[in-house]
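In what follows, a structure is listed as structure tokens, so that the remarks can point back to it.
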Amino acid sequence: MALRRRQLLLGFAGASGLALAGCGDQRASTPPVPAKIRFDPVAGPQPAPARAPGTVTVADGTLTSVEWIDETGRPLPGVPAPDHKSWVSAEPLGYGHTYTVKAVAKGESGDITATATYTTPRPDRIVDVALRSASQEDLAENDTYGVGFVLVAHFTEAVDPAAAEAALKVETTPAVPGAWYWLDDRNAHWRPEFYYAPGSRITVTANHFGVPLGDGAYGQRDQRVSVTIGAAHVAIADDNTKMIDVFDNGTLVRSMPTSMGKGGSAVIGGRQLSFWTRPGIYTVLDRTDPVIMDSASYGLPTNTSLGYRTTIHHAVRISHDGIYVHELAGSMWAQGNTNVSHGCLNISPDDATWFFDFVIPGDVVEVRNTGGEPLDIWQNGDWSIPWPEWQQGRAHT
Numbered sequence: 001m002a003l004r005r006r007q008l009l010l011g012f013a014g015a016s017g018l019a020l021a022g023c024g025d026q027r028a029s030t031p032p033v034p035a036k037i038r039f040d041p042v043a044g045p046q047p048a049p050a051r052a053p054g055t056v057t058v059a060d061g062t063l064t065s066v067e068w069i070d071e072t073g074r075p076l077p078g079v080p081a082p083d084h085k086s087w088v089s090a091e092p093l094g095y096g097h098t099y100t101v102k103a104v105a106k107g108e109s110g111d112i113t114a115t116a117t118y119t120t121p122r123p124d125r126i127v128d129v130a131l132r133s134a135s136q137e138d139l140a141e142n143d144t145y146g147v148g149f150v151l152v153a154h155f156t157e158a159v160d161p162a163a164a165e166a167a168l169k170v171e172t173t174p175a176v177p178g179a180w181y182w183l184d185d186r187n188a189h190w191r192p193e194f195y196y197a198p199g200s201r202i203t204v205t206a207n208h209f210g211v212p213l214g215d216g217a218y219g220q221r222d223q224r225v226s227v228t229i230g231a232a233h234v235a236i237a238d239d240n241t242k243m244i245d246v247f248d249n250g251t252l253v254r255s256m257p258t259s260m261g262k263g264g265s266a267v268i269g270g271r272q273l274s275f276w277t278r279p280g281i282y283t284v285l286d287r288t289d290p291v292i293m294d295s296a297s298y299g300l301p302t303n304t305s306l307g308y309r310t311t312i313h314h315a316v317r318i319s320h321d322g323i324y325v326h327e328l329a330g331s332m333w334a335q336g337n338t339n340v341s342h343g344c345l346n347i348s349p350d351d352a353t354w355f356f357d358f359v360i361p362g363d364v365v366e367v368r369n370t371g372g373e374p375l376d377i378w379q380n381g382d383w384s385i386p387w388p389e390w391q392q393g394r395a396h397t
């Protein structure tokens with residue numbers, strides 16, 4: 001019995017061994033994995049975005065060649081990744097192109113080839129934007145402006161404000177809330193709720209290339225520029241005292257007697273002209289020495305009893321319709337007591353020389369307690385618009 005039991009056990013063990021050996025020989029066969037190529041943007045019936053780069057990526061393989069050719073036969077330059085898993089064009093696709101793309105990748109199953117065809121938008125109009133100060137001078141990197149600096153975006157043609165504003169970005173350091181105010185469909189102004197802090201940095205980015213701006217228009221280019229805010233120079237001209245008090249970072253540094261607009265109006269050539277210095281918050285636009293002042297420039301003929309054409313020194317322009325703070329020795333008898341000008345703020349030659357050297361574009365000139373209509377935005381009255389109203393004037397995206 002013991003022998004028989006031993007033989008059975010040995011037979012089972014042998015049978016098990018044979019079965020296990022048989023299973024070990026049955027190996028699963030895994031088919032080779034083919035490479036998979038992807039193009040971005042994804043080719044389709046709609047034009048590809050003009051500002052997008054061309055991108056080729058591969059899964060389960062490596063790229064061996066990429067050809068991205070436009071309708072003229074010019075290849076779109078590009079760079080493969082070090083691992084040859086992707087390729088990205090060195091420039092955006094651009095406007096008005098038809099591209100033929102061919103990529104070859106190597107995978108476990110061998111080489112595969114993928115192709116695609118793209119078109120990009122053909123704009124009816126190409127629109128540029130100039131980034132400017134309130135003086136309408138283009139901003140230059142690291143320019144310095146006063147605490148009343150107003151950013152202006154001027155488009156060469158009409159645009160959809162919402163689309164254009166979506167591609168505009170303003171960053172301030174320190175951060176302050178601000179908003180765009182659209183004067184029309186070509187001009188937008190940006191400012192914060194309050195004057196900037198001295199030393200602030202403002203960076204504006206306009207990423208309009210490839211962006212549809214409405215009615216067949218597309219943006220011409222991308223731009224970025226940064227400017228700095230200088231010291232807080234604020235001049236307050238009060239018609240009750242006939243004085244201009246000038247503050248430097250909150251400290252009164254000079255008080256200047258002045259003679260402002262004499263008031264009233266006249267109809268000349270069918271136009272009603274006002275001789276008030278309008279109340280409101282102006283900013284310095286520019287400085288000129290000398291400047292030729294000609295009343296004909298705003299509709300008052302030189303050869304009339306109220307007309308003039310004269311050379312003026314140390315003239316600081318604060319409005320687009322010709323209001324200056326300037327020297328006038330001939331009106332010193334009136335400065336500090338009587339308004340005799342057509343709207344400008346007359347001061348003495350000594351005061352005008354000092355003020356001319358003291359201010360920079362963007363410095364603030366507040367005119368208080370004068371008659372006439374409030375300063376309008378088109379005259380350089382951005383800061384005269386109450387903040388809630390300013391916010392309502394922006395495009396809604």
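Numbering-wise, the sequence shown is residues 1 to 397 according to the numbering used here. Each residue gets a CB set at the ideal place from its N, CA and C atoms; glycine is no exception. All figures in this text were calculated on a predicted structure; none of them were measured in a lab.
P92 is the residue among R38, P92, D40, V66 whose C-alpha sits nearest the C-alpha of R51. Ranked by Cα distance from F149, the first of A162, E141, A315, S135 is S135.
Residue state for F194 is assigned as coil, using DSSP reduced to three classes. Nearest Cα to F275 within the set T258, D286, A232, S341: S341.
The bridge partners DSSP lists for K36 are A59.
Only residues of its own chain outside the window of five on either side were considered, and among them G146, V316, I318, V359, I360, P361, G362, D363, V365 have a CB closer than 7 Å to the CB of V284, listed in chain order. Measuring C-alpha to C-alpha distances from V66 to each of L213, F39, Q335, E157 identifies F39 as the nearest.
In this chain, the beta strand (DSSP E) harbouring D222 covers 222-229. The continuous beta strand (DSSP E) containing D238 extends over residues 233-238.
Boundaries of the beta strand (DSSP E) around D248: 243-248. Between V227 and L139, the C-beta gap is smaller than 9 Å, which places the two residues in contact.
Counting along the chain, the unbroken alpha helix (DSSP H) around D350 starts and ends at 349-358. Going by beta carbons, A105 and T62 fall inside the 9 Å limit.
Residue environment analysis places A329 among the exposed positions, since fewer than 16 neighbouring C-beta atoms fall within 10 angstroms of its C-beta. By alpha-carbon distance to G94, the top candidate from P192, E165, R221, S109 is R221. Comparing C-alpha distances from V170 to each of I312, R191, A158 shows the shortest one belongs to R191. Judged by pairs of C-beta atoms under 8 Å, the region 186-202 does not touch the region 210-217, as fewer than three such pairs exist.
Around the beta carbon of P82, fewer than 16 other beta carbons sit within 10 angstroms, so the residue counts as exposed. Between T370 and M260, the C-beta gap is smaller than 9 Å, which places the two residues in contact.
Listed as beta-bridge partners of W87 by DSSP are V56, P80.
Checking the DSSP bridge columns, you'll see H189 partnered with V152, Y181. Nearest neighbour of L151 by Cα position, chosen from I126, G178, E157, A166, turns out to be G178. Rounded to whole angstroms, the gap between the alpha carbons of I202 and A237 is 28 Å. Note on P388: under 16 other CB atoms within 10 angstroms of its CB, so exposed under the neighbour-count rule.
Sorting T100, K102, P212 by C-alpha distance to the C-alpha of D160 places P212 at the top. Rounded to the nearest angstrom, the Cβ distance from N142 to T258 is 34 Å, too far for a contact under 8 Å. Between the beta-carbon of G280 and that of V367 there is about 6 Å, and that keeps the pair under the 8 Å contact cut. Comparing C-alpha distances from D289 to each of H314, A158, R271 shows the shortest one belongs to H314.
Relative to I112, the option among A35, A334, A158 whose CA is nearest is A35.
Under the 8 Å Cβ criterion, the region 374-388 does not count as touching the region 246-258, having fewer than three qualifying pairs. Taking the Cβ atoms as the reference, S109 lies roughly 27 Å from P41, outside the contact range of under 8 Å. Separation of the CB atoms of S86 and T55 is rounded to 7 Å, and the pair is thereby assigned contact status at 8 Å. DSSP places D382 within a helical segment (H, G or I) once states are collapsed to three.
Here P386 is exposed: its Cβ has fewer than 16 other Cβ atoms, across all protein chains shown, within 10 Å. Its chain contains K36 as the residues whose beta carbon lies nearer than 6 Å to that of A59, once the 5 sequence neighbours on both sides are disregarded; these appear in chain order. S348 sits away from M243, with the two beta carbons spaced by 9 Å or more.
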